[in-house]
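Q: With mature numbering (1 follows the signal peptide of the UniProt record, and there is no 0) applied, the sequence shown corresponds to residues -23 to -1, 1 to 156, in that order. Ideal Cβ positions, reconstructed from N, Cα and C, are used throughout, including at glycine. Small disclaimer: the values here were computed from a predicted structure and weren't measured.
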Amino acid sequence: YCPKVKIPEQLLLVLLAIALSAASGGLPLSGYGPLPLVGQVPSGLPSFSLPFIDPATMRALLQPAATVAFFSFLLTMSIAKTLGLKHSYAPDASQELIALGVSNILGSFFHAYPVSGSLSRSALISQSAGDSCTPLHGVVSASVVLVVVLFLTPPPPPPPHPPPTPPPHPPPGEVTPPS
């Protein structure tokens, strides 16, 4: 007896893309050569640091950042409304905007990518969990990512040693004996 197991199409596409990429060593593009693989993945978590704020850079990035923020919010709300209709709940736009803003501000201290909704991940979770979907899936996803980043990446190389300090120079006028 074998129960019928429904496998999400998104998972099959990702596995197929991984297999093709691994088999070919890169995908040939006409006139551009092979598409290189990612290469070395840095190990560990990024360190905490204050974001660099340069007024000229801020002015140059203001319009593109506002565009990214707008489309991120638009995408997140469209996903929330679509899944809200399917699962009978009404998303709160102001709460979504606050969540996106706080997570992006906190993420900037760790050099994170801008946060947004993910249609493929949300559809996959909705399709596999159905109406029993709880916030626990987020905890499980974050735990898996944390385990991979902390334990399945190679350790970072040791920091370089500082150059040796030269011996102190004698004061002017003093003669040093030959060694």
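What are the uninterrupted segments assigned as beta strand (DSSP E) that are 3 or more residues long and contained completely in the region 78 to 149, given in chain order?
A: For the region 78 to 149, not a single whole beta strand (DSSP E) run of length 3 or above is found.
Q: List the endpoints of the continuous alpha helix (DSSP H) containing G61.
A: Within the sequence shown, residue 61 is the residue found at index 84, counting from 1. P32 to H64 is the extent of the alpha helix (DSSP H) around G61.
Q: Using the rule of at least 16 other Cβ atoms within 10 Å of the residue's Cβ for burial, across every protein chain shown, is L77 buried or exposed?
A: Counting from one through the sequence shown, the residue named residue 77 turns up at place 100. Buried: at least 16 other Cβ atoms inside 10 Å.
Q: I need the straight-line Cα distance from S49 to K(-18), nearest angstrom please.
A: As a position in the sequence shown, residue 49 is number 72, starting the count at 1. As a position in the sequence shown, residue -18 is number 6, starting the count at 1. Taking the straight line from one Cα to the other gives about 31 Å.
Q: Can you tell me which of L127, P145, A89 and P135 puts its alpha carbon nearest to the alpha carbon of S20?
A: Within the sequence shown, residue 20 is the residue found at index 43, counting from 1. Selected option, being the one with the closest Cα: L127.
Q: How is V(-19) classed by DSSP in three states: helix, strand or coil?
A: Taking the first residue of the sequence shown as 1, we reach residue -19 at position 5. Residue state, collapsed to three classes: coil.
Q: Can you list, in chain order, the residues of its chain with a C-beta nearer than 7 Å to that of S99? Leave out the 5 residues immediately preceding and following it.
A: Numbered from its first residue, the sequence shown carries residue 99 at position 122. Taken in chain order, the residues that qualify are I56 and L60.
Q: Let's test the definition: count the other Cβ atoms within 10 Å of the Cβ of T53 and tell me whether it reaches 16, buried, or not, exposed.
A: For this step, residue 53 is matched to residue 76 along the sequence shown. Buried is the call here.
Q: For the structure I just gave you, are there three or more beta carbon pairs, one from the region 67 to 81 and one from the region 91 to 106, closer than 8 Å?
A: The answer is yes - the region 91 to 106 touches the region 67 to 81, with three or more Cβ pairs under 8 Å.
Q: Is it true that the CB of S118 sits closer than 8 Å to the CB of Q(-14)?
A: Counting from one through the sequence shown, the residue named residue -14 turns up at place 10. Counting from one through the sequence shown, the residue named residue 118 turns up at place 141. Contact: no.
Q: CA-CA distance, S65 and S71?
A: Looking up residue 65 in the sequence shown gives position 88. Looking up residue 71 in the sequence shown gives position 94. So the two alpha carbons sit approximately 19 Å from each other.
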